[in-house]
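The block underneath contains the structure these notes are about, expressed in structure tokens.
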């Protein structure tokens, strides 16, 4: 019984055979995740800063953009980009579709989080800084943002972790990341050991990240 | 422009695929009705276990929660749907989705409830106990109601994520909204059903997003 269990899920020869492709998938997952984190957080930050100029017309569109991307399931967005856009002549690879979709989703969430952070800085801080003769931009960059960013770190970390796990969705549009490689291995070997290997790869990748999230939550907790 | 309307907003296709998509939507709703209560129940149970005095019980909950938060939900789902049948167990897609979602969502809800319970001052518990309530009564009537109220925004936010998550059930051929839309697209060679599905998600979930925004701004105002 145990033997057949091991043979099925921890078949060493099968694992050895598919280890290289899982590793390849691992690297691709890391690259994809890194690209999403950088794009999403930067774009979200810029949108939040843009919003703090309080141009009514602009903010209206920012809010709509954020709402739509928070309401749509990421997989729906990926499928839209990959399977629907080609019918109007816009074609992109699975990697680009996944990167773009998840970056947009992270942009929306990051914008909301940064914006909440900016709002959380008391008005008196703005007024005090402006009354010392600092310009709007100096106040924003030198006084408000440093305080705002600090309190956004815990929610932003958690949201970023959740969204980078979405890289697995790339498997649906043929991105050769971990899950995709594991599924390919499964169908070639007719043994689920590649799936086990894939699951282990995710644990190796995300257990440290989840632990980091826990640590960040206590380290940067809002102290009153 | 003509082409965009033809391929994305084709009324004829919507009419033709409508019954099919409606059935998909019904499946999505059914899935939510099963998965969300199960996740809430599992999460609350986990949180209660983590209030136990036993260090072992506490540790096990942390391991469970971190373990299942480390897996992308799709990976859990694929592992269960394609991996478990090798044990000789026949799994229906709906069962696989329910199990996978339970493992994932219960750990997220568990973290939320734990934070809620921890936010209740000890004095509340002590006061309740000193009036003669048993420890179970204290939990049920004093701690849990207040704890839940304190974390409502997080519960709503997570529930929104769970509803969105049901779309990944399409990967294991469970005929929910996204799956129905993909099927309709491949039959009609037209992307309208996918746009339509997106709009349905948008219409159903936008109110939740708006409510969350209100919560978030209130939270900021409190500080």
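Residue numbers (our numbering), protein chains in the order written: chain D, 700 to 923; chain C, 1283 to 1505.
Where is the CB? At the ideal position from N, CA and C, for every residue including glycine.
Nothing here was measured: the structure is a model prediction, and the numbers come from that model.
Where does residue 849 (chain D) fall in DSSP's three states? In this structure, residue 849 (chain D) counts as helix in the three-state DSSP scheme.
Leaving out five residues before and five after residue 1439 (chain C) in sequence, what residues of the same chain have Cβ atoms less than 6 Å from its Cβ? The residues are 1494.
Which same chain residues end up closer than 6 Å to residue 867 (chain D) when comparing Cβ atoms and leaving out the 5 residues on each side of it in sequence? Result list for residue 867 (chain D): 878, in chain order.
What residue range does the alpha helix (DSSP H) around residue 1374 (chain C) cover? For residue 1374 (chain C), there is no enclosing alpha helix (DSSP H), as DSSP marks it with neither H nor E.
Got a sec? Which residues, its chain only, sit under 8 Å from residue 1477 (chain C) by beta carbon, not counting five neighbours each side? Listed in chain order, the non-local C-beta contacts of residue 1477 (chain C) below 8 Å within the same chain comprise 1290 and 1291, local neighbours out to five positions each way being set aside.
For residue 1305 (chain C), three-class secondary structure by DSSP: Of the three classes helix, strand and coil, the one that applies to residue 1305 (chain C) here is helix, per DSSP.
Extent of the continuous alpha helix (DSSP H) to which residue 1440 (chain C) belongs: Judged by DSSP secondary structure, residue 1440 (chain C) falls within the alpha helix (DSSP H) whose first and last residues are 1434 to 1447.
Run of the alpha helix (DSSP H) containing residue 811 (chain D), from where it starts to where it stops: That run of the alpha helix (DSSP H) goes 793 to 819.
Is there at least one Cβ from chain D nearer than 7 Å to residue 1484 (chain C)'s Cβ? At least one chain D Cβ lies under 7 Å of residue 1484 (chain C).
Please report the straight-line C-alpha distance between residue 1505 (chain C) and residue 1498 (chain C), rounded to a whole angstrom. With a pLDDT of only 46 at residue 1505 (chain C), under the threshold of 50, the placement of this residue in the model should not be trusted, and no figure is reported.
Euclidean distance between Cα positions of residue 707 (chain D) and residue 1344 (chain C): Taking the straight line joining both Cα atoms gives about 29 Å.
Is there a Cβ of chain D sitting closer than 7 Å to that of residue 1498 (chain C), yes or no? It does: the Cβ of residue 1498 (chain C) has a partner Cβ on chain D nearer than 7 Å.
For the alpha helix (DSSP H) containing residue 745 (chain D), name the first residue and the last one. Its alpha helix (DSSP H) spans residues 711 to 750.
Along the segment 1366 to 1389 of chain C, where does the CB come closer than 8 Å to a CB of chain D? Name the residues. Along the segment 1366 to 1389 of chain C, going in chain order, the ones with a CB nearer than 8 Å to a CB of chain D are 1368 and 1369.
Under DSSP, the alpha helix (DSSP H) around residue 1472 (chain C) begins and ends at which residues? Note, residue 1472 (chain C): premise wrong, no alpha helix (DSSP H); not H, not E.
Assuming residue 772 (chain D) contacts residue 1449 (chain C) under a Cβ cut-off of 8 Å, what Cβ separation, rounded to an integer in Å, is found between them? Yes, residue 772 (chain D) and residue 1449 (chain C) are in contact; Cβ-Cβ is about 4 Å, under 8 Å.
Would you call the segment 1453 to 1463 of chain C in contact with the segment 1370 to 1388 of chain C, where contact means no fewer than 3 C-beta pairs closer than 8 Å? Contact holds: three or more Cβ-Cβ distances are below 8 Å.
Kindly indicate if chain D contains any beta-carbon less than 7 Å away from that of residue 1505 (chain C). Unreliable placement is indicated for residue 1505 (chain C), whose pLDDT of 46 sits below 50; the coordinate value is still reported in the next sentence. The Cβ of residue 1505 (chain C) sits closer than 7 Å to at least one Cβ of chain D.
Look at the Cβ atom of residue 797 (chain D), then the Cβ atom of residue 777 (chain D), and state whether they are nearer than 7 Å. Yes, Cβ-Cβ distance for residue 797 (chain D) and residue 777 (chain D) is below 7 Å.
Between which residues of its own chain and residue 1414 (chain C) is the CB-CB distance below 8 Å, once the five residues before and five after are set aside? Cβ contact annotation for residue 1414 (chain C) (same chain, cutoff 8 Å, sequence separation greater than five): none.
Where residue 1484 (chain C) and residue 1445 (chain C) are concerned, what is the direct C-alpha to C-alpha distance, given to the nearest angstrom? Computed Cα separation, rounded: 12 Å.
Between the segment 1334 to 1341 of chain C and the segment 1392 to 1407 of chain C, do at least 3 Cβ pairs fall closer than 8 Å? Judged by Cβ distances under 8 Å, the segment 1334 to 1341 of chain C makes no contact with the segment 1392 to 1407 of chain C, as fewer than three pairs qualify.
If you count every other CB in all the chains shown that lies within 10 Å of the CB of residue 683 (chain D), and 16 or more means buried, which is it? Given that chain D is displayed from residue 700 to residue 923, the structure contains no residue 683 (chain D) and the question cannot be resolved.
Give a yes or no on contact between the segment 1339 to 1356 of chain C and the segment 857 to 877 of chain D, applying the rule of three or more CB pairs nearer than 8 Å. A contact is defined here as three or more CB-CB pairs under 8 Å, and the segment 1339 to 1356 of chain C meets this definition with respect to the segment 857 to 877 of chain D.
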